[in-house]
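Trainee: Structure below; questions to follow.
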Amino acid sequence: MDTEDSTPYPGIEDVLSADRFGTYLGWAGGDRNKALALYTLNAMLSESLHLPLHMLEVTLRNRIHQVMSAAHGDAWFDMPEHQLNPFQSDMIAKARKELAEQGKDDIPARIVAAVTFGFWTAMLGKEYENLWQTTLKDMAKREDGKGLRRKDFTKFLGAIRTLRNRLAHHETVLYWDLRKHYANILQMTGWLSPVAADWCRAYCRFESLYPVDGVALVVDVPEKEAISISEASAEQGRIEPARGL
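Here the numbering used here runs 23 ahead of the position in the sequence shown, where the first position is 1.
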């Protein structure tokens, strides 16, 4: 086990903090060079996932806005029946306040762009099942042209929101089943807009960065010293969604 900073970048551990680097050092069995390689891989994979997450968020909000505007007008989000979660009305109020502080008119397009991903994922919550049946179902369809259920989205979105939040805070995601979540992001994006999913596949670097054989992490499991990332992250697919993320 290395006991000194023997990496090609002396002093980088001090920048990252002992606690943060210690996680990777543990996964690397005490090998500092391997730990830095894992940290670097985590950073690069995190960077690559921002592109498909960006497209999913933009496509989701715009498709919801399009179908809701067609059915209820551009300011549909001001209707009480479309603010069934208290935090949604708070988000709309916050967006208006920020626009006013910037000296901008609170036109619908700016409100739509200002509210967070949590607002849009909340529009697919169980409270909106009736709205899904009457309006929101028109925002997406399967590859074969068949319709979708609201739950087809929500079964993925809880974990995706949590993953997005971890990436935003520069936290480790190596133990997640990233291949699965990347595939889920692309699938949902494809339901909303096939061309948007094609764009992601063309420009996202995730598949070229993710190791073919996965990532071996030394973990505290009595029966074996290391497990693959797909095994290590099996339970991460069942993370409960954090509200408002």
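Every residue, glycine too, gets a C-beta built ideally from N, C-alpha and C. The structure displayed is predicted, hence computed values, not measured ones.
(1) Grab the span of the alpha helix (DSSP H) containing Trp-143 for me, first residue to last.
(2) Considering only the alpha carbon of each residue, which of Thr-46, Asp-42, Ala-58, Gly-53 lies closest to Tyr-32?
(3) Indicate the three-state DSSP secondary structure (helix, strand or coil) for Leu-171 in the structure shown.
(4) Examine the Cβ distances between the stretch 113-126 and the stretch 138-154 and report whether three or more of them are shorter than 8 Å.
(5) Can you grab the Cα-Cα spacing for the pair Glu-230 / Arg-202, in whole Å?
(6) Using CA coordinates, which residue listed in Arg-228, Ile-208, Leu-197 is at the minimum distance from Ala-60?
(7) Report the rounded CA-to-CA distance for Ala-257 versus His-204, giving the unit in angstroms.
(8) What residue range does the alpha helix (DSSP H) around His-204 cover?
(9) Compare the Cα-Cα distances from Lys-178 to each of Gly-34, Gly-168, Asn-207, Pro-217 and report the closest residue.
(10) For Pro-245, count the other beta carbons within 10 Å of its own beta carbon; 16 or more makes it buried, fewer makes it exposed. Which is it?
(11) Given a cut-off of 7 Å, decide if Ser-71 and Arg-228 are closer than it, judged by their beta-carbon atoms.
(12) Starting from Ile-130, trace the alpha helix (DSSP H) both ways and give me its first and last residue.
(13) Does the Cβ-Cβ distance between Arg-86 and Thr-144 come in under 7 Å?
(14) Output yes or no for whether 7 Å exceeds the beta carbon distance between Leu-180 and Glu-150.
Mentor: In short, the structure shows the following:
(1) 140-145
(2) Ala-58
(3) coil
(4) yes
(5) 8 Å
(6) Leu-197
(7) At Ala-257 the pLDDT is 36, less than 50, meaning the model places this residue with poor confidence; the figure from the coordinates comes in the next sentence. Cα-Cα distance, rounded: 12 Å.
(8) 201-215
(9) Asn-207
(10) Reliability fails at Pro-245, whose pLDDT of 38 lies under 50, so the model's placement of it is uncertain and no value is given.
(11) yes
(12) Segment: none, Ile-130 is in no alpha helix (DSSP H) and carries neither H nor E.
(13) no
(14) no
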